[in-house]
Structures are given as structure tokens and as C-alpha cells.
Amino acid sequence: MSAAIESPPAASHLAPLVFIVDDEPVSAEIVAELLQLAGYRTRVFHDPCLAAEALSTSPVKPDVLLADFKMPGLNGLQLLARGKSEIHGLRTILLSGMAHELPMDEPQFRPDQWVTKPFPVATLLKSVRRALLAPA
889 MSAAIESPPA
899 ASHLAPLVFI
909 VDDEPVSAEI
919 VAELLQLAGY
929 RTRVFHDPCL
939 AAEALSTSPV
949 KPDVLLADFK
959 MPGLNGLQLL
969 ARGKSEIHGL
979 RTILLSGMAH
989 ELPMDEPQFR
999 PDQWVTKPFP
1009 VATLLKSVRR
1019 ALLAPA
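In our numbering, the protein residues as written are 889 to 1024.
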């Protein structure tokens, strides 16, 4: 990862917060580490239902909600839709290795950014930056 690919936010205390939701702990931790190295704050959830609860109850709200599609209990699209209804201006990113199987015909289920697994680090960082820069 180089500064030419993605420059981190200017000050860590003002860095955007990204909630990462993936039921595969190793995947979630790798994504979190990559984002932290790029200057973002992260909070990891391995259970989408706990992430949904945190969206409602946590005093600190995320700037970006990044979720894997295929998870038990609540899939990524359902979680993103719930997040958008809970937090005005929330940016969403869907991670999926099964892009061809996703039901994308309902507007409330469309993520702001989409990342297909496996992905290069630069693609992940660019998607987060684009999501943050998109109009509310």
C-alpha cells in the first residue's frame, strides 16, 4: 500500500469511522487492518445482528458501513438498508464474491460502492474514499 494509491485522512481524531461486518473473522480483521493503516478508525462485527443493534444504540455512529453479502441471520444488503434507515447520510459498501447472485432491483438495497472479492487493497481504499466523497 502506498501513499500514491490512497492518502490517509489528515488527523486521526477526525478520521472517518468504518463499521466492518463479516461473519468470517479473518476477513474482517484483514479489512480492518488495511483501513487502519490507511488512517481510518474501524469497529469490527462478526454478527450482522449485533452490528444492526450497534447502528441503533451506539453513541458513536459510523461514516461508512461495510458489509459482506453472505452472512447468517441478516445478509449484507438487509444490513445496509437498515443502516441507511437508522443513520442519515450513512455511506455503504457491499463486499461479495457472488456478484451475479445479488438482488439489486430495489433502490433501498443499493450500496454506494460495491467491491467484488477477491480485491486488491487499492480497490478497497478507493471504494471507501469514493463512498465518503459521494453526496448525501
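The beta carbon of each residue, even a glycine, is placed where N, CA and C say it ideally should be. No experiment lies behind these values; they were computed from the predicted model shown.
Q. Which first and last residues belong to the beta strand (DSSP E) in which S984 is found?
A. R979 to S984
Q. Touch check for the segment 907 to 924 and the segment 952 to 971: three-plus C-beta pairs under 8 Å?
A. yes
Q: Evaluate R929 with the Cβ neighbour count: other Cβ atoms within 10 Å of its Cβ, from every protein chain shown; 16 or more gives buried, anything less gives exposed.
A: buried
Q. Apart from the five residues just before and just after P1023, which ones in its own chain have a Cβ nearer than 6 Å to its Cβ?
A. none
**Q.** Own chain partners of I981 with C-beta closer than 8 Å, once the 5 adjacent residues on each side are dropped
**A.** V952, L953, L954, A955, P999, D1000, Q1001, W1002, V1003, S1015, V1016 and A1019
(Q) Less than 7 Å between the C-beta atoms of G971 and P936, yes or no? (A) no
(Q) In whole angstroms, give me the CA-to-CA distance for E894 and V932. (A) Annotation note: pLDDT 42 at E894 (below 50); position unreliable, no value reported.
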